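One structure is given here, and the rest of the page talks about it.
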Amino acid sequence: MTRRRLMLAAALLPVLTVGTTGVLAIASGEQTSAEASQDKHPAAPVIPASTTAGSVVQVVAHPDDDLFFLNPDLSRSLTAGIPVTSVYLTSGEADGRNEAAGGAAKDPQQPADRAHYAEARQNGIRCAYAQMATGDRTSAWQRTVIPTVGGGQAEVDVLLAHPRINLVWLQMREARSTTAPTPESLRGLWNGEIPALEAQLASGSPVTAPFTYTKDQVVQVIAGVLTKYRPTTIRMQDPTPGRDQVTGTYTDHQDHMYGARFVQAGYAAYARQTSDRPHFTVQNYLGYHTGSLPHSLDPQTAETKIGYLKTYAWLDHENYCGSVAGCGDRKVAGSPTGRNWAQSLRYARADNTSWMTEGVRGRLYAFAVLDGRLALWTREPAGMWSAPVLLPGEGIDPGVFATRLPDGRVTVVATRTTFGERGKDYRREVVTLSQAAPGGPFGAWQSLGTPEAADEPGTSAVSAPAAVVGADGRLTVYLRDSRRTLRACVQEPSGGFGEWQHLGGADLQSDPAVAVDAAGRRHVYATTSTSVLAWTQAAPDAPLQGPFQTNLPATTVPLTAAAEGAGVRLYFRRPDSGVVRSALVTAGPGKPQVSAVTESGGRAGYGAVGVAGRLLTGRADSGTVGTTSAGGPPAWTESRMLYNGAPSATVDRTGSTTTAVLGLDAALHTITTPPTGTTSPVWHPAVFPAQAPLT
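Counted from 1, the sequence shown has number 483 at position 484 by numbering that gives the first Met the number 0; the numbering is strictly sequential.
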């Protein structure tokens with residue numbers, strides 16, 4: 000299939016003005032005294048301060064998935080002024096009844112009409128986006144039809160007040176059931192139960208001709224959207240949500256899960272087929288399951304998010320949009336918070352903080368996933384960061400773990416998605432790669448397999464892995480499996496890996512967090528929906544024991560562990576607040592000892608916290624990357640940059656702290672804090688773009 004055919008017909012939509020995505024926005028920032036002294040030497044460049052840049056394409060199954068599960072990331076991206084395109088795979092037509100009671104009570108004035116209900120949901124989305132971007136829910140849109148592959152068509156809506164905000168409606172039929180195995184669905188199409196999936200067109204849409212898509216065509220339609228918009232960040236739902244341990248049903252809507260698998264296949268095709276494009280990162284979001292966990296958003300942020308959902312829900316029932324179908328989704332009007340979804344945002348992957356480490360001779364290594372491949376940045380001591388290098392191997396999932404071996408080599412563990420020929424061949428497996436020699440190149444990926452026998456029983460719902468290196472240089476890799484228990488895989492003297500071992504636990508929610516204390520004892524932690532479980536060693540050569548109940552309070556799930564003194568300090572966020580908490584855990588014979596909980600900084604955001612020395616890094620209440628000192632000032636020092644995933648930080652042998660995040664521009668951004676500390680760290684692009692103007 001040619002590249003021309005893969006692209007959406009841009010010439011038919013001249014109003015689409017997607018900004019350049021590969022160039023960082025430049026902000027002057029304040030110079031330090033050292034920078035000011037360089038003014039005498041004009042040849043020395045001044046690196047600009049980092050601000051939010053890049054472009055975002057987010058692909059969801061239904062209208063409102065973005066409002067429930069991707070916000071406030073979505074609204075903050077809109078406020079930052081970067082290009083944002085939201086793609087809706089299905090029309091979300093459900094039972095065709097636009098009723099606040101969810102269809103339980105039949106309103107004779109509102110007969111079942113799927114086309115009209117789909118239109119009402121479109122109207123609600125347009126109003127919510129207009130409100131987020133302009134403050135006016137009635138701000139005008141231009142609606143246009145563009146062709147896609149396979150003879151289909153998509154509706155594209157452009158917000159005239161901010162033309163870089165686009166909505167793309169693919170209008171495929173939804174499953175019309177959360178879990179029932181309906182063949183006429185994204186699930187049935189993925190698994191080969193039907194040859195093609197038909198459209199469900201919304202009334203009022205400029206798309207009027209019916210069409211169908213095969214499985215390959217859906218993949219290519221998504222690749223075509225990405226080719227058109229050239230994102231640096233792709234947001235999507237969770238392709239491996241798991242099953243309920245009691246009922247065996249999916250913990251998320253089947254359209255969310257299988258729609259996300261189509262997005263995975265679509266961005267993999269885009270990466271292979273389109274060479275003239277910027278690098279991109281991928282962020283996965285947890286769906287329905289987030290409603291069973293403690294709230295991760297503070298009340299003010301949650302209230303703002305719920306306000307946009309109320310606009311989408313057409314709560315006032317006034318016909319300000321002029322549509323007979325209605326101006327929003329009345330099903331949501333019955334419960335604008337959903338089923339406890341609106342008070343949280345959680346990442347399904349890439350929420351761990353151990354992706355940067357020091358190698359030999361003080362060289363730093365930072366790893367992230369770009370274009371579905373492992374990207375590597377390196378920095379020599381007191382030097383500049385290198386441009387990212389993509390290592391061989393496709394299908395690497397967001398969220399990698401890096402550590403140093405005793406001889407100075409660096410090793411990485413990750414998960415990799417493979418598709419196979421059939422839908423049921425979908426798998427996530429654990430993989431690792433290491434340097435062949437200290438400071439040398441990296442070898443090939445080595446598979447550790449997976450504790451999941453097949454995809455269907457648990458939907459391949461494994462966590463991102465974590466690893467600990469023994470004194471003999473061998474890795475032990477830890478993983479949460481689909482049954483929410485802890486598993487381990489130990490490297491053998493030959494270099495291969497053994498079978499996955501059962502380490503117990505129940506209700507595990509987080510990626511495992513690991514650390515080794517000053518005595519050489521291994522610690523492994525995982526959050527549950529109500530507390531934190533621990534596995535520890537009584538001595539460095541003793542077996543790992545646990546799980547132990549720590550009796551710590553509930554967390555918002557992401558957990559960071561850092562060695563401190565004779566123990567390991569755990570960092571986590573307080574529910575309904577975002578304030579960073581910590582507790583010191585000391586291992587020994589029997590149950591580990593846990594200190595009282597302390598709090599650092601003021602009201603903050605969500606997600607994992609990077610820790611190095613006394614410096615803490617994470618989302619502040621604005622959503623931007625911020626820093627504070629453990630036990631230090633009551634507020635975070637905030638930047639002007641939104642970012643993906645979690646920060647990572649390390650302390651080098653001089654005592655300086657380097658912290659890194661991956662921006663929405665798919666670029667590495669860093670701060671370096673000297674041992675004496677600084678009251679106002681300024682973030683900079685790790686790699687200065689040659690084409691950007693100097694400040």
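Quick reminder that beta carbons are idealized off the backbone N, C-alpha and C, glycines included.
Note that the structure is predicted; figures quoted are calculated from it, not measured.
Exposed unless 16 or more other CB atoms sit within 10 angstroms - verdict on residue i
i	result
Ala517	exposed
Tyr319	exposed
Thr137	exposed
Asn550	exposed
Gln299	exposed
Thr597	exposed
Ser599	buried
Met256	buried
Lys423	exposed
Glu92	buried
His316	exposed
Gly247	exposed
Arg271	exposed
Glu154	buried
Pro464	buried
Gly134	exposed
Asp540	exposed
Pro684	buried
Asp370	buried
Asp243	exposed
Proximal residues to residue i (C-beta, below 8 Å), its chain only, five neighbours per side dropped
i	result
Ser621	Arg75, Gly604 and Glu637
Ser655	Thr671, Thr672, Pro673 and Pro674
Gln152	Val144, Ile145, Pro146, Val206, Ala208 and Phe210
C-alpha distance - residue i paired with residue j, whole-angstrom precision
i	j	result
Arg426	Gly497	19 Å
Ala470	His252	45 Å
Thr649	Thr356	7 Å
Arg360	Ala460	38 Å
Pro511	Val608	14 Å
Arg747	Leu663	Only positions 0 to 694 of the chain appear in this structure, which leaves residue 747 out of reach.
Thr616	Tyr570	11 Å
Val206	Ser90	12 Å
Tyr346	Gln508	12 Å
Pro680	Ala48	10 Å
Lys214	Glu428	24 Å
Ser202	Tyr284	30 Å
Val567	Val412	22 Å
Ser628	Arg520	27 Å
Val45	Ala619	27 Å
Gln199	Ser176	15 Å
Gly358	Ala312	53 Å
Pro697	Arg572	Only positions 0 to 694 of the chain appear in this structure, which leaves residue 697 out of reach.
Asn351	Ala537	26 Å
Val22	Pro182	Only weak support is given to the placement of Val22: the predicted model assigns it a pLDDT of 25, under 50, and the value that follows is read from those uncertain coordinates. Roughly 44 Å separates the two Cα atoms.
Leu474	Leu166	46 Å
Thr555	Val148	42 Å
Gln121	Pro194	28 Å
Ser576	Leu296	6 Å
Same chain only: Cβ atoms within 6 Å of residue i, ignoring 5 sequence neighbours per side
i	result
Lys304	Asn70, Pro71 and Ala341
Ile124	Pro62
Gly472	Leu404 and Pro405
Ala139	Leu159
Arg408	Ser433, Gln434 and Pro437
Val686	Trp384 and Ala386
Contacts around residue i, its chain only, beta-carbon distance under 7 Å, and the 5 residues preceding and following it disregarded
i	result
Thr623	Glu637, Ser638, Arg639, Met640 and Leu641
Contact test: residue i Cβ vs the ligand NAP heavy atom, cutoff 7 Å
i	result
Val368	In terms of ligand content, the structure shown is empty, and the ligand NAP therefore cannot be addressed.
(message) Pairs of beta-carbons, one from the region 322-331 and one from the region 117-131, closer than 8 Å: are there three or more?
(response) Verdict: yes, contact present.
(message) To test your reading of the DSSP string, which unbroken beta strand (DSSP E) runs of 3 or more residues are found completely within the region 490-565?
(response) Taking only runs of at least 3 residues, the beta strand (DSSP E) segments lying wholly in the region 490-565 are 500-503, 512-515, 521-526, 531-536, 543-548 and 559-563.
(request) Tell me the start and end of each unbroken alpha helix (DSSP H) in the region 159-241 that is at least 4 residues and wholly inside, in chain order. (result) With a minimum length of 4 residues, the continuous alpha helix (DSSP H) runs that stay inside the region 159-241 are 185-189 and 214-228.
(request) Count the CB pairs spanning the region 546-556 and the region 499-509 that are closer than 8 Å, and state whether there are at least three. (result) Yes, the region 546-556 is in contact with the region 499-509.
(request) For the region 555-563 and the region 487-497, state whether three or more C-beta atom pairs, one from each stretch, are separated by less than 8 Å. (result) Fewer than three pairs of CB atoms, one per stretch, sit closer than 8 Å, so the region 555-563 makes no contact with the region 487-497.
(request) Ignoring anything shorter than 3 residues or poking outside the region 367-429, list the beta strand (DSSP E) runs there in chain order. (result) Considered as a whole, the region 367-429 harbours 372-378, 400-403 and 409-417 as its complete beta strand (DSSP E) runs of no fewer than 3 residues, in chain order.
(request) Jot down the residue ranges of each uninterrupted alpha helix (DSSP H) in the region 431-467, minimum 4 residues, whole runs only, in chain order. (result) Counting only runs of 4 or more residues that sit fully inside the region 431-467, the alpha helix (DSSP H) segments are 454-457, in chain order.
(message) For a minimum of 3 consecutive residues, which ranges assigned as the beta strand (DSSP E) are wholly contained in the region 615-656?
(response) Along the length of the region 615-656, whole beta strand (DSSP E) runs at least 3 residues long occupy 624-628 and 642-650, reported in chain order.
(message) Across the region 213-231 and the region 273-282, are there enough close Cβ pairs to call them in contact, namely three or more that are closer than 8 Å?
(response) Touching, per the Cβ criterion.
(message) With three or more C-beta pairs closer than 8 Å as the rule, is the region 327-340 touching the region 383-390?
(response) No, the region 383-390 does not touch the region 327-340.
(request) Evaluate the contact criterion for the region 210-227 versus the region 261-270: three or more CB pairs, one atom per stretch, below 8 Å. (result) Here the region 210-227 lies against the region 261-270, with 3 or more beta-carbon pairs under 8 Å apart.
(message) Please give me, in chain order, every unbroken run of the beta strand (DSSP E) with length at least 3 that falls completely inside the region 230-311.
(response) Those beta strand (DSSP E) runs which fall completely within the region 230-311 and span 3+ residues are 232-236 and 280-284.
(message) Just to confirm the assignment: which complete beta strand (DSSP E) runs, minimum length 3, are found wholly within the region 568-604?
(response) DSSP runs (the beta strand (DSSP E)) wholly in the region 568-604: 579-585 and 597-599.
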